[in-house]
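In what follows, a single structure is set out as structure tokens and then discussed.
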Amino acid sequence: MAQYVCMYEFAVTPAVTNIRRRGVEIYDVAPDSLGAEMELESGDRIIKVNGRVVRDYLDFRFQTAGETDLVLEVRKKSGEDWEVELERAEGEDFGLSFEQIVPRQCANECIFCFCNGNPADARPSLFIKDEDIRLSFLYGNYTTMTSITEDEMRRIVEQRLSPQYVSVHATDLDVRAYMLGVDKQRADISTKLARLLDAGIEVHAQVVLCPGINDKEILKKTIFDLAAEYPRITSVAIVPLGLTRYNTDARLTRVTPEFCRNVIDQVTEIQKELHAKLGTNFALLGDEIYLRAGRRIPARSHYGDYPQIEDGVGMVRSFENEFTKLMRRLERESWTSSKQASGTIFTGTLFAPVLKKMIDKFNARFGTRLIVESLENSYFGGDVSVAGLLTGQDLLNARERVAGEFVCIPKQMLKSDDSIMLDGMNVNEVSRALGQPVHAINLQELAALLR
Ligand code: SF4
Numbered sequence: 027m028a029q030y031v032c033m034y035e036f037a038v039t040p041a042v043t044n045i046r047r048r049g050v051e052i053y054d055v056a057p058d059s060l061g062a063e064m065e066l067e068s069g070d071r072i073i074k075v076n077g078r079v080v081r082d083y084l085d086f087r088f089q090t091a092g093e094t095d096l097v098l099e100v101r102k103k104s105g106e107d108w109e110v111e112l113e114r115a116e117g118e119d120f121g122l123s124f125e126q127i128v129p130r131q132c133a134n135e136c137i138f139c140f141c142n143g144n145p146a147d148a149r150p151s152l153f154i155k156d157e158d159i160r161l162s163f164l165y166g167n168y169t170t171m172t173s174i175t176e177d178e179m180r181r182i183v184e185q186r187l188s189p190q191y192v193s194v195h196a197t198d199l200d201v202r203a204y205m206l207g208v209d210k211q212r213a214d215i216s217t218k219l220a221r222l223l224d225a226g227i228e229v230h231a232q233v234v235l236c237p238g239i240n241d242k243e244i245l246k247k248t249i250f251d252l253a254a255e256y257p258r259i260t261s262v263a264i265v266p267l268g269l270t271r272y273n274t275d276a277r278l279t280r281v282t283p284e285f286c287r288n289v290i291d292q293v294t295e296i297q298k299e300l301h302a303k304l305g306t307n308f309a310l311l312g313d314e315i316y317l318r319a320g321r322r323i324p325a326r327s328h329y330g331d332y333p334q335i336e337d338g339v340g341m342v343r344s345f346e347n348e349f350t351k352l353m354r355r356l357e358r359e360s361w362t363s364s365k366q367a368s369g370t371i372f373t374g375t376l377f378a379p380v381l382k383k384m385i386d387k388f389n390a391r392f393g394t395r396l397i398v399e400s401l402e403n404s405y406f407g408g409d410v411s412v413a414g415l416l417t418g419q420d421l422l423n424a425r426e427r428v429a430g431e432f433v434c435i436p437k438q439m440l441k442s443d444d445s446i447m448l449d450g451m452n453v454n455e456v457s458r459a460l461g462q463p464v465h466a467i468n469l470q471e472l473a474a475l476l477r
């Protein structure tokens, strides 16, 4: 499963149409690199390294690591088969980039699966149910381990694909099976998990919290069962169920502010107990739970080294701290905005009030005229309020609220390697429609823009 709001959706898109073939395809060869010297070209496929089959670029990386004498079996784009022998200096880079990994899909029927909340005509890539230990290692995507194969188990251990991110949801087997829509035998991953932990693989666990299903006593049991494996299981992230307007499953109950407040009260007590025993809070609540509850985001020390920040756990605290640091740095530099900048910053509805407070301080200190506007998610509707799932159309719907000379949007609104948004609109199109330059930026880039 991708991170629980499918942040990873864009990154897997190009892989969907690929047909599985032998080896791994070279996407690009850097000029004057070892790869270029070997006359490798984009479109060639590396089939084997030193007689061992290559399935993807992780295999290539693993099988070439530390090797200086290599024999590569290559299927050229032309169809010819080459055997390339080479010697390289230790650690010398090949200058090759490869096709993306084709994600393995899950065989679960989770009741809260985000795919069930897509509009019927959403792009096919939004329906990808990835469950892939390689993407877990590379990008922090979660897997449930319900259908992990022996080969994958061995690969994690042999190639040290650590850490792994595991969606546990509940350690009560009946509840886990119910949530994943599988039988109890498949839901039981205790033996597999123990095997990974015994092999020294670090595991981060996740719970998608569904009111009335895995909360209260079930949640408490889950946290304590997982904490019993600390430090082999490093942390558990608890994130709320998110429902779009298309989720109509009667088994699901929407997350309310009151529910969030009760969860915070319950988990704060558990954190105190665990902190006294383990020296860490271990169980960390998603930012969304604090924001929905209307409660203060915990301090920096609450999050340790932010073990699951990409899952929206500590992201707001980290942003606020970075923002404070940025303001201090600019103050030290006696910085002033050369343009007395005036513009509109759009973000998701939950984060907008938090960002507004910060930007108001910034304006007061530096004389800028920036305004923060919250953007409703018209594509998914429902509880979806994170910036990463906003679309170009959402921006167009808010055109009357655009003020100043430019528009800023969060970088997460764009595909990681392109300026396209979730609904296929690109930044230039939106910019033309709004009649303003649109900048998809992070914090540091905002400061640079204002100079
Ligand atoms: S069915 Fe479950 S495991 Fe599969 S993608 Fe959906 S939420 Fe993830």
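FYI, the numbering for the sequence shown is 27 to 477, going by the numbering used here. Ideal Cβ positions, reconstructed from N, Cα and C, are used throughout, including at glycine.
Taking the CB atoms as reference points, tell me whether residue 267 and residue 236 lie closer together than 8 Å.
Position 241 of the sequence shown holds residue 267. Position 210 of the sequence shown holds residue 236. Yes, the Cβ-Cβ distance between residue 267 and residue 236 is below 8 Å.
Under a three-way DSSP split, which group does residue 48 fall into?
The residue labelled residue 48 in the question sits at position 22 within the sequence shown. Coil.
Skipping 5 residues on each side, what residues in its chain have a beta carbon closer than 6 Å to that of residue 97?
Position 71 of the sequence shown, counting from 1, holds the residue named residue 97. The residues are 76, 111.
Strand pairing of residue 428, partner residues [DSSP]
For this step, residue 428 is matched to residue 402 along the sequence shown. Residue 428 pairs with nothing; no bridge assigned.
What is the rounded straight-line gap between the Cα of residue 191 and the Cα of residue 393?
For the purposes of this step, residue 191 is taken as the residue at position 165 of the sequence shown. For the purposes of this step, residue 393 is taken as the residue at position 367 of the sequence shown. About 44 Å.
Quick one: is residue 333 buried, meaning 16 or more other Cβ sit within 10 Å of its Cβ, or exposed?
Locating residue 333 in the sequence shown gives position 307, where the first residue counts as 1. The residue in question, residue 333, is buried, as its Cβ has 16 or more Cβ neighbours within 10 Å.
Output the boundary residues of the alpha helix (DSSP H) element that contains residue 200.
As a position in the sequence shown, residue 200 is number 174, starting the count at 1. Residue 200 -> alpha helix (DSSP H) spans 199-206.
Is residue 322 buried or exposed, if buried means 16 or more other CB atoms sit within 10 Å of its CB?
Along the sequence shown, read from residue 1 onward, the residue named residue 322 stands at position 296. So residue 322 ends up on the exposed side.
Integer Cβ distance of residue 446 from residue 466, believed to fall under 8 Å
Residue mapping note: residue 446 aligns to position 420 of the sequence shown, counting from 1. Residue mapping note: residue 466 aligns to position 440 of the sequence shown, counting from 1. About 10 Å separates the two Cβ atoms, so there is no contact after all.
Determine which residues share a DSSP beta bridge with residue 74 and list them.
The count along the sequence shown starts at 1 and reaches residue 74 at position 48. According to DSSP, residue 74 bridges with 79, 99.
Smallest Cα separation from residue 373: which of 395, 92, 390, 342?
Working through the sequence shown from its first residue, we reach residue 373 at position 347. That would be 342, whose Cα lies nearest to the Cα of residue 373.
Looking at residue 213 and residue 225, is the spacing between their C-beta atoms short of 8 Å?
As a first step, residue 225 is located in the sequence shown; it is residue number 199 there, counting from the start. As a first step, residue 213 is located in the sequence shown; it is residue number 187 there, counting from the start. For residue 225 and residue 213, no; Cβs fall outside 8 Å.
Going by DSSP, name the residue or residues bridged to residue 262.
Sequence index remark: in the sequence shown, residue 262 carries index 236 (1-based). BP columns for residue 262 point to 231, 309.
Under 8 Å: do the segment 307-317 and the segment 263-279 share three or more Cβ pairs, one atom per stretch?
yes
On a Cα-Cα basis, can you pick out the residue from 64, 145, 139, 149 that is closest to residue 119?
Along the sequence shown, one-based indexing puts residue 119 at 93. Minimum Cα distance to residue 119 is reached at 64.
Just how far apart, CA to CA, sit residue 464 and residue 146?
Taking the sequence shown and counting its residues from 1, one reaches residue 464 at position 438. Taking the sequence shown and counting its residues from 1, one reaches residue 146 at position 120. Approximately 30 Å between the Cα atoms of the pair.
Given a cut-off of 8 Å on the beta-carbon distance, is the pair residue 232 and residue 193 in contact?
Stepping through the sequence shown from its first residue, residue 232 is reached at position 206. Stepping through the sequence shown from its first residue, residue 193 is reached at position 167. Yes; because the gap between Cβ atoms is below 8 Å, this pair is in contact.
Any chance the segment 238-256 sits against the segment 377-387, with 3 or more Cβ pairs inside 8 Å?
no
With respect to the alpha helix (DSSP H) encompassing residue 122, which residues constitute its N-terminal and C-terminal limits?
For the purposes of this step, residue 122 is identified with residue 96 of the sequence shown, where counting begins at 1. Per DSSP, residue 122 belongs to no alpha helix (DSSP H); it is in the beta strand (DSSP E), 122-124.
Rounding to the nearest angstrom, what Cα-Cα distance links residue 61 and residue 67 in this structure?
The sequence position of residue 61 within the sequence shown is 35, counting from 1. The sequence position of residue 67 within the sequence shown is 41, counting from 1. Cα to Cα, residue 61 sits roughly 8 Å from residue 67.
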